[in-house]
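A short write-up of the structure that comes next.
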Amino acid sequence: MNILVAIKQVPDPNALRFDASGNFAPNTARVMNEYDQYAVEEAIQIKERTGQGEITVVAIGPSGAKDALTRALSMGADQAALLTTSEPLDTLQVAQLLAAEARAGSYDLLLVGQETSDGGSGNVGPQLAALLDLPLVSNVVGLEIEADGTLVLQREVEDGRHVVDVRPPAVICALTGLNEPRSPSLKGIMAARKKPVVEKPAGAPAAADGQVSWGALRAEQRAVKGTIIQETDADTAARRVVELLRERKLI
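The sequence shown maps to residues 1309 to 1559 in the numbering used here.
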């Protein structure tokens, strides 16, 4: 089973840094998007269970995004492609580029993360499936393969689990709980250096009808008022505190 996994390099949620204008600082650490790690791990497990196929990981972004691809290769992916662009893209434009990449290959399964930590829209998977006219299964937390190749998927829904059967090719959105992403081993890191990474310009995706913007980051202005009790003994201060609380009907 040949699998295409779309990944994204995002600012490390545990080490965010901002400049004075509210944008990410240039030295902000970047990591592979968390949900994409589940997608990569599941692709590797599928290959391990079936004993065949090839895993291709693809990312869209600046040249620095190659670090995320290298991690995926170290985990066990077979080859990678980086579509380089310095322009900000909306989710539909990203899906268009991924769809073009998918059409250029022959893939039985397309895996993406449910959403990204920097955008959180969860649009790329559904848009990719629509562009390719493929079945979409989102919020996937369980995957089994039947003898005839049918995928039995468990979706996390509000009141439990929803079980879906689907025949490849299909687009699957990986959610937390699908698996436990492995850490690259020393052997995997060394092997990744020999695996092919194709770097090519992303090209110009079709102009979107509407653009989504989150606006500028801002800190909420908070005004704190209080009463300071000083120049008195502890007993008097304690009684005053109780009186204030009673006046405000807090006790």
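In this text, a Cβ means the ideal position worked out from N, Cα and C, and glycines have one as well.
Everything numeric in this text was worked out from a predicted model, so none of it was measured.
For residue 1340, the secondary structure class from DSSP, reduced to helix, strand or coil, is strand.
Counting only runs of 4 or more residues that sit fully inside the region 1472-1506, the alpha helix (DSSP H) segments are 1494-1500, in chain order.
No Cβ-Cβ contact shorter than 7 Å links residue 1368 with residue 1419. With a 10 Å radius around the Cβ and a threshold of 16 neighbouring Cβ atoms, residue 1539 comes out exposed. The C-alpha of residue 1473 lies about 37 Å from the C-alpha of residue 1501. By a beta-carbon distance limit of 8 Å, residue 1447 does not contact residue 1466. Their separation comes to about 10 Å. Across the set 1508, 1509, 1361, 1535, the C-alpha of 1535 shows the shortest separation from the C-alpha of residue 1555. In this structure, residue 1383 lies near residue 1348, with their beta-carbon atoms less than 7 Å apart. Setting aside the 5 residues that flank it on each side, residue 1324 is surrounded in the same chain by 1336, each with a C-beta closer than 7 Å to its C-beta; the list follows chain order. Annotation note: the region 1398-1443 contains the following uninterrupted beta strand (DSSP E) runs of length 3 or greater, listed N- to C-terminal: 1417-1421.
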